[in-house]
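In mature numbering (1 follows the signal peptide of the UniProt record, and there is no 0), the protein residues as written are -19 to -1, 1 to 206.
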């Protein structure tokens, strides 16, 4: 009976030993290998919430740890996972300031994956692509160009880009043709509605008797001879 009560405690302690502790020896290479390991539930049947680094997505994700038989890619919290494997922080995270999010230089990291990512260049007010290794990055690490611009570029630059786009000759003529087509379609629709209303009114209004009808009514019948 006592052994049954102690079993969950032992499983929890085993999970802590498997997922926490110092980084593996060997420097960045060993750390990179640890962060590339898959999430391993293990053979035990406990249900312990843990975090692992997903090398495919380059982020930390939660999973259920059975309590024993895990591997090094097993962390007690998301923060511990980020600090160990260097997952880029999301916008609004307490650990990432706006300066780092949009001003830090690109950091590929020691891992050997090849994720296409984008970083913001304040001097150019634009985003550039770089290759992220999968771990030990920083906050200036965005999944695509649109996300990078949405997070970092000032709102005034959006209007400047639109003005630059419409100032080109091709865009001007394209916009002019689009405007002309819209006007023609609107006029055609208005003309069709006007004709429909006219036809309805003409059918509903009574017709006035003509002059020939009046003359026929005024002619008297001839008297018998």
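All C-beta atoms in this analysis are idealised placements derived from N, C-alpha and C, irrespective of residue type, glycine included. Remember, predicted model here, so these are calculated numbers, not experimental data.
Best match in the options for proximity to residue i [C-alpha to C-alpha]
i, options, result
"residue 65", "17, 166, 107 and 162", "17"
"residue 42", "130, 19 and 165", "19"
"residue 122", "170, 101, 38 and 95", "101"
"residue 109", "117, 30, 125 and 94", "125"
"residue 113", "91, 54 and 127", "91"
"residue 106", "97, 131 and 93", "131"
"residue 134", "54, 79 and 37", "79"
Cα-Cα separation, residue i to residue j
i, j, result
"residue 15", "residue 163", "60 Å"
"residue 115", "residue 26", "31 Å"
"residue 161", "residue 169", "12 Å"
"residue 94", "residue 136", "34 Å"
"residue 58", "residue 40", "13 Å"
"residue 165", "residue 128", "38 Å"
"residue 171", "residue 156", "23 Å"
7 Å Cβ shell around residue i - same chain, five flanking residues per side excluded
i, result
"residue 103", "83 and 84"
"residue 23", "46, 47, 48, 49, 50 and 51"
Coil, strand or helix - residue i by DSSP
i, result
"residue 174", "helix"
"residue 124", "coil"
"residue 134", "coil"
"residue 81", "helix"
"residue 92", "coil"
"residue 116", "coil"
Proximity test, Cβ basis, 8 Å: residue i and chain D
i, result
"residue 19", "In summary, chain D is missing from the structure at hand, where a single protein chain is found."
Own chain, CB closer than 8 Å to residue i, minus 5 neighbours either side, in chain order
i, result
"residue 81", "119, 120 and 121"
**Asked** If you scan the stretch 16 to 78 from start to end, which runs of the beta strand (DSSP E) of 3 or more residues do you find wholly inside it?
**Response** 29 to 35 and 40 to 46
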